[in-house]
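Asker: Numbering (my numbering), first residue to last: 20 to 235.
Here it is, the structure, as structure tokens.
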Amino acid sequence: MFMSQNLHNYRRSYEKGNLSRSSIDPNPLQQFRTWFYEAKDAVGEREVNTMTLTTIGLDGFPKGRVVLLKEYDEYGFYFFTNYNSEKGKSIAVNENVSLSFFWPVMERQVIIKGKASKTPKNVSDNYFDSRPVGSRLGAIISDQSSVIENREALDKKLKLLEEEFKNKEIIRPDYWGGYLVSPISIEFWQGRSNRLHDRMLYTLQGYDWKIERLAP
Ligand SMILES: Cc1cc2nc3c(=O)[nH]c(=O)nc-3n(C[C@H](O)[C@H](O)[C@H](O)COP(=O)(O)O)c2cc1C
Numbered sequence: 020m021f022m023s024q025n026l027h028n029y030r031r032s033y034e035k036g037n038l039s040r041s042s043i044d045p046n047p048l049q050q051f052r053t054w055f056y057e058a059k060d061a062v063g064e065r066e067v068n069t070m071t072l073t074t075i076g077l078d079g080f081p082k083g084r085v086v087l088l089k090e091y092d093e094y095g096f097y098f099f100t101n102y103n104s105e106k107g108k109s110i111a112v113n114e115n116v117s118l119s120f121f122w123p124v125m126e127r128q129v130i131i132k133g134k135a136s137k138t139p140k141n142v143s144d145n146y147f148d149s150r151p152v153g154s155r156l157g158a159i160i161s162d163q164s165s166v167i168e169n170r171e172a173l174d175k176k177l178k179l180l181e182e183e184f185k186n187k188e189i190i191r192p193d194y195w196g197g198y199l200v201s202p203i204s205i206e207f208w209q210g211r212s213n214r215l216h217d218r219m220l221y222t223l224q225g226y227d228w229k230i231e232r233l234a235p
């Protein structure tokens with residue numbers, strides 16, 4: 020029998036900061052940059068760029084999974100993956116996605132809604148070429164999200180490929196590359212005491228960002 024686990028007493032109080040209309044940047048990407056660097060200083064490079072990508076699946080269910088943010092700029096947020104993976108197939112049918120960050124030590128959350136599109140080939144090539152050999156071969160080998168027989172099959176494939184590419188250039192396969200998520204809204208959440216958290220929502224209106232405060 021599975022014992023029920025009661026976590027009702029796991030409580031925490033949030034007191035690290037606050038968000039106000041006058042303290043935030045009019046541009047959410049600039050605001051993101053500020054928070055990203057503050058989080059990086061607190062948690063380090065290994066942790067700061069993990070984000071949950073949620074897509075609407077072909078089965079109608081939303082699905083979130085962690086991917087790494089590899090770049091962001093005025094156009095949005097970039098990550099890299101296998102275009103034939105479950106997420107890739109989902110995006111091909113429904114470009115609407117969400118990205119969310121949770122930086123516990125900062126008591127901060129960022130939730131982005133946006134449209135995902137494949138990055139130009141040269142962007143995918145540049146990033147692919149910057150990866151270590153093992154990661155490049157791994158990307159080639161793994162038919163991401165498909166059912167496989169066992170672990171050994173994967174290891175065997177890697178061995179064969181390591182031989183094959185010993186003295187050969189490893190070229191990015193076209194089923195692997197980047198996505199740009201162009202934001203349509205970005206919410207910044209800062210924990211506050213008494214559950215009266217600060218939430219500021221930026222929504223794209225034409226070329227401008229509307230800013231509203233949301234109830235916690
Ligand atoms: C810390 C962490 C980082 C990850 N980064 C990536 C990534 O950048 N790209 C990627 O395709 N999968 C990444 N994954 C694996 C994904 O979470 C997921 O298992 C994989 O992309 C297959 O997802 P799908 O079957 O829903 O398409 C990462 C997982 C973890 C835990």
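C-beta: ideal position from N, C-alpha, C; glycine also.
Should residue 21 be labelled buried (16 or more other beta-carbon atoms within 10 Å of its own) or exposed?
Answerer: Indexing the sequence shown from 1 puts residue 21 at position 2. So residue 21 counts as exposed.
Asker: Please list, in chain order, all residues of the same chain as residue 62 whose beta carbon is under 7 Å from its beta carbon, the five residues on each side excluded.
Answerer: Numbered from its first residue, the sequence shown carries residue 62 at position 43. The residues are 122, 124.
Asker: Could you check whether residue 147 and residue 211 sit closer than 8 Å to each other, using their CB atoms as the reference points?
Answerer: Here residue 211 is taken as the residue at index 192 of the sequence shown, counted from 1. Here residue 147 is taken as the residue at index 128 of the sequence shown, counted from 1. Their beta carbons are not under 8 Å apart, which means residue 211 does not touch residue 147 by this criterion.
Asker: Please confirm whether residue 103 and residue 134 have their CB atoms less than 8 Å apart.
Answerer: Looking up residue 103 in the sequence shown gives position 84. Looking up residue 134 in the sequence shown gives position 115. No, they are not a contact pair.
Asker: Roughly how many angstroms lie between the CA atoms of residue 161 and residue 233, to the nearest whole one?
Answerer: Here the question's residue 161 lines up with position 142 in the sequence shown. Here the question's residue 233 lines up with position 214 in the sequence shown. Answer to the nearest angstrom: the Cα atoms are 42 Å apart.
Asker: Alpha carbons only, please: which of 64, 227, 225, 217 is nearest the one belonging to residue 40?
Answerer: For the purposes of this step, residue 40 is taken as residue 21 along the sequence shown, with counting starting at 1. Taking only the C-alpha atoms, the option nearest residue 40 is 217.
Asker: Note the first and the last residue of the continuous beta strand (DSSP E) segment covering residue 131.
Answerer: By one-based count along the sequence shown, residue 131 stands at place 112. Counting along the chain, the beta strand (DSSP E) containing residue 131 begins and ends at 127-137.
Asker: Is the CB-CB distance between residue 117 and residue 130 below 8 Å?
Answerer: What you label residue 117 is simply residue 98 of the sequence shown in a count that begins at 1. What you label residue 130 is simply residue 111 of the sequence shown in a count that begins at 1. It is a contact, given that the beta carbons lie within the stated cut-off.
Asker: Starting from residue 106 and walking both ways along the alpha helix (DSSP H), at which residues does that stretch end?
Answerer: Residue numbering aside, residue 106 sits at position 87 when the sequence shown is read from its first letter. First-last of the alpha helix (DSSP H) with residue 106: 105-112.
Asker: Give me every residue whose Cβ sits closer than 5 Å to any heavy atom of ligand 1, in chain order.
Answerer: Those satisfying the condition are, in chain order, 69, 84, 85, 86, 87, 100, 104, 105, 106, 164.
Asker: Quick one: which unbroken beta strand (DSSP E) runs of 3-plus residues sit fully inside the stretch 169-225? Chain order, please.
Answerer: You should have 195-209, 217-224.
Asker: Which value, in whole angstroms, describes the spacing of the CA atoms of residue 36 and residue 151?
Answerer: Locating residue 36 in the sequence shown gives position 17, counting from the first residue. Locating residue 151 in the sequence shown gives position 132, counting from the first residue. Going from the Cα of residue 36 to the Cα of residue 151 covers about 39 Å.
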